[in-house]
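Each remark here refers to the structure printed beneath this line.
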Amino acid sequence: MLADLRGGWREFVSRQWLWVAVAQLSRPVMVATLLTLPTALPYVLLGVGAPLWSIVRGALVAGVCFDIYGVLWNTTVQREIPGESLSRVSSYDSLGSLMLGPLGMLLAGPLAVTIGPRPALIGCGVMVVLVSMPAVLFPGVRELRVPDVRAAPVRS
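Per my numbering: the sequence shown = residues 1119 to 1274.
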């Protein structure tokens, strides 16, 4: 099975036209939102007592997804927000993205003591999914598309 997957991957990456077409994301915010879901993997894998190698792979997948999310999110914000408002909007974006982290840290210890570390980790993974999925329901997330920008024909 792994040999088949490797063979398929080699075929996929050997054809630039194919992976470039696949990588063209017409709905970047929707894709970015869906990319937050795999960030639950390391928490769940730790919570179920998975082997170290699978936790490391889960963390790698989560990290790659989070990096792609960041690129999609930041380029979309820069494209959609007027330049004169970008710094203020980015400030609110950062505040909203970062302000709950310390609260989570504050609650994680007592929660792990109360229900145990493994259930707390699984709960964290479930929380990541539950918080991320409702965003997909908003039309602004689902419908925001990359503008179709094509080079204008050269007139002689």
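Even for Gly, the Cβ is constructed at its ideal location relative to N, Cα and C.
Entirely enclosed beta strand (DSSP E) segments - the region 1193-1233, minimum 3 residues: none
Count Cβ pairs between the region 1141-1161 and the region 1251-1261 that sit closer than 8 Å; are there 3 or more? A contact exists between the region 1141-1161 and the region 1251-1261.
What are the start and end residues of the alpha helix (DSSP H) that includes VAL1149? Counting along the chain, the alpha helix (DSSP H) containing VAL1149 begins and ends at 1146-1152.
Please classify GLY1176 as buried or exposed, where buried requires at least 16 neighbouring CB atoms within 10 angstroms. buried
Taking DSSP as the reference, what is the three-state secondary structure of MET1245? helix
Shortest alpha-carbon distance to THR1157 belongs to which of ARG1273, ARG1236, VAL1207 and SER1250? SER1250
Could you check which residue in ARG1263, ASP1211, MET1119 and SER1203 has the C-alpha nearest to that of ASN1192? Looking at ARG1263, ASP1211, MET1119 and SER1203, the one whose alpha-carbon comes closest to that of ASN1192 is ASP1211.
May I ask you to report which of helix, strand or coil DSSP gives ALA1168? coil
Where does ARG1128 sit, in a helix, a strand or coil, going by DSSP? helix
At what residues does the alpha helix (DSSP H) containing VAL1259 begin and finish? Note, VAL1259: alpha helix (DSSP H), 1257-1261.
Measure how close the beta-carbons of VAL1162 and ILE1240 come, nearest whole angstrom, since I'm counting them as under 8 Å. 6 Å
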